[in-house]
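Working notes for the structure below.
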Amino acid sequence: YTELRRQTLPLTIASNDKPMPKVYIDEYNRTVKDGQLFFPLGFYTNSINNDLMDKIVYAKFNTFMNYGLPWGSVAAIQGKLREAASRNLNVIFSVKDTYDGTKYELNSWNGHTGTFNVFKAIINTFKDKDAYPAILAWYINDELNTGYLDVLQEHYDWLKNADYEHPAWQVLGPAQDLPLHVNNT
């Protein structure tokens, strides 16, 4: 027997004094929502309105990820999240633009400036599972290159401490980069 590779991964075990998170990934890599297995079936969209949400429901989808959601006012975002919840739709909430130097960098939002401050403000504003039951996960990375690993890790570490109710979700392109993201999603 020859060992070819070894990696140590941090393991966080939920304490008994906290309830189970609203959404988590179980030991079999399945999504569990509100204590039940859940398969998110949906699509990406750049805009969302009531008509499109009705079409999503009609097509028997249960989830959408909206790239443009954080670009609205707090009231507008709250309205969209309420509308999604009223249709039993789940939202993967995009905060992928909260990194310096990205194409659609979101550097100012609701009185907060600086991408990391905007990231924290958005999550703190919408993380309440009872107020915003439609939120399934936070979309923290849209194929950022490996030059963003340190700041991505910083965002993820802050998120996992600030909101244990929702997992971090990301989309990665090059398969060879997947092992680099084990600790930040």
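Counting with this note's numbering, you get residues 11 to 195 for the letters of the sequence shown. Cβ atoms here follow ideal geometry from the backbone N, Cα and C, with glycine treated the same way. Since the model is a prediction, treat every value here as computed from it, not as a measurement.
About 5 Å separates the beta carbons of Ala147 and His176, which is inside the 8 Å limit, making them a contact pair. The Cβ atoms of Asn155 and Leu162 do not sit closer than 7 Å to each other. Separation of Thr135 and Gln46 (C-alpha to C-alpha, rounded to the nearest whole angstrom) is 26 Å. Inter-residue distance for Gly89 and Thr41 is about 26 Å (C-alpha atoms, whole angstroms). Around the CB of Lys70, fewer than 16 other CB atoms lie within 10 Å, so the residue is classed as exposed. Here Gly78 has Asn56 and Ser57 as same chain residues with Cβ atoms under 7 Å from its own Cβ, once five neighbours each way along the sequence are excluded. Within the same chain, Cβ atoms closer than 6 Å to the Cβ of Lys32 are found at Lys139 and Glu175, the five residues on either side in sequence being excluded.
Taken through DSSP and simplified to helix, strand or coil, Lys70 comes out as coil.
In the three-state scheme derived from DSSP, where H, G and I count as helix and E and B as strand, Met75 is classed as strand. The residue from Leu51, Lys65, Phe74 and Leu116 with its alpha-carbon nearest to that of Trp81 is Leu116. Per the C-alpha coordinates, the member of Tyr54, Trp179 and Leu190 positioned closest to Asn39 is Trp179.
For Gly111, there is no enclosing alpha helix (DSSP H), as DSSP gives it neither H nor E. Beta-bridge analysis with DSSP links Ser57 to no other residue. Judged by their CB atoms, Val101 and Ala144 are nearer to each other than the 7 Å cut-off.
Where Asn171 is concerned, the enclosing alpha helix (DSSP H) starts and stops at Leu159 to Ala172. Measuring C-alpha to C-alpha distances from Lys28 to each of Leu188, Gln186, Val192 and Asp173 identifies Asp173 as the nearest. Cβ neighbours of Ile133 within its own chain (closer than 8 Å, five residues either side excluded): Val105, Trp148, Leu169, Ala172 and Asp173. Between Leu91 and Thr73, the beta carbon gap of about 13 Å keeps them out of contact (Cβ cut-off 8 Å).
Note that the C-beta distance between Glu153 and Gly111 is not below 7 Å.
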